[in-house]
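Numbering-wise (our numbering), the sequence shown opens with residue 15 and increments by one. Written below as structure tokens is the structure these notes are about.
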Amino acid sequence: MTEKHKTSNLDSRAFHRRRIQSPVRLRIDGEENPFTATLYDYSKGGLGLATQFLLPQSTVIQITTPVTFQPGNVLQSLDAQIVWFRQEPETHDIPVFDLGCRWLVMECDCCHTKVPYRQLHCSEDSVCLCPDCLNELDKKLNGPLKQNIHRFLLGNVI
């Protein structure tokens, strides 16, 4: 594959990520002392962080940030789980670790209810529905009407 055709992880993610550079405070679940990290991207499904501390996969963290993740909705403190980590090349005096995190709670695109990540049903085009909305959609709608509602929800996500 040529350099021109390679895609980064940012290009192949389930949700579009927005790049940012913002300091955040992290606190490991169950511990009292927070520490500083840098938020470098975020999406509907998760975020990317850089920190001097190696945090293992599955660690639950609380993120405190001044960043607004949704228009008109300032979310100050959010819970996430580390999905992957890697050490950056040795270009700094202090080691730097990249962390890929998944939100523990996400919002249904139809009813806007906050739902644990594992209960959400997300389509290939990033429309995420809670179990109740998915059941209603499957139970009551068929054919073109169901497709039109899906397109409407997709339009609201993008």
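Using N, Cα and C, we set each Cβ at its ideal position, and we do this for glycine too. Here the structure is a predicted model, which means the values were calculated and not measured.
Please report the distance separating the alpha-carbon of residue i from that of residue j.
{"i": "Y56", "j": "E138", "result": "19 Å"}
{"i": "L68", "j": "A51", "result": "11 Å"}
{"i": "C147", "j": "I108", "result": "48 Å"}
{"i": "S72", "j": "K58", "result": "19 Å"}
{"i": "I42", "j": "L113", "result": "13 Å"}
{"i": "H126", "j": "N47", "result": "33 Å"}
{"i": "R116", "j": "Q76", "result": "12 Å"}
{"i": "E173", "j": "F166", "result": "The structure shown does not extend to residue 173, since the chain spans only 15 to 172, so no value can be given for it."}
Would you kindly report the start and end of the unbroken beta strand (DSSP E) that includes residue i?
{"i": "P130", "result": "128-130"}
{"i": "S72", "result": "Counting along the chain, S72 falls outside any beta strand (DSSP E), and DSSP gives it neither H nor E."}
{"i": "E102", "result": "From DSSP, E102 is part of no beta strand (DSSP E); its letter is neither H nor E."}
{"i": "D55", "result": "49-56"}
{"i": "Q133", "result": "Run containing Q133: none; DSSP gives neither H nor E here."}
{"i": "D112", "result": "111-117"}
{"i": "V141", "result": "Careful: V141 lies outside any beta strand (DSSP E) and carries neither H nor E."}
Looking only at its own chain, which residues have a Cβ that is under 8 Å from the Cβ of residue i, when we skip the five neighbours before and after it?
{"i": "Q133", "result": "C144, P145"}
{"i": "F111", "result": "A64, T65, Q66, F67, L68, L69, F99, R100, Q101, E102"}
Who are the Cβ neighbours of residue i in its own chain at under 6 Å, not counting the five residues just before and after it?
{"i": "R33", "result": "D55"}
{"i": "R39", "result": "P48, T78"}
{"i": "V74", "result": "D43, Q95"}
If you drop the 5 nearest sequence neighbours on each side, which residues of the same chain put their C-beta closer than 7 Å to that of residue i?
{"i": "L61", "result": "L53, D55, A94, C115"}
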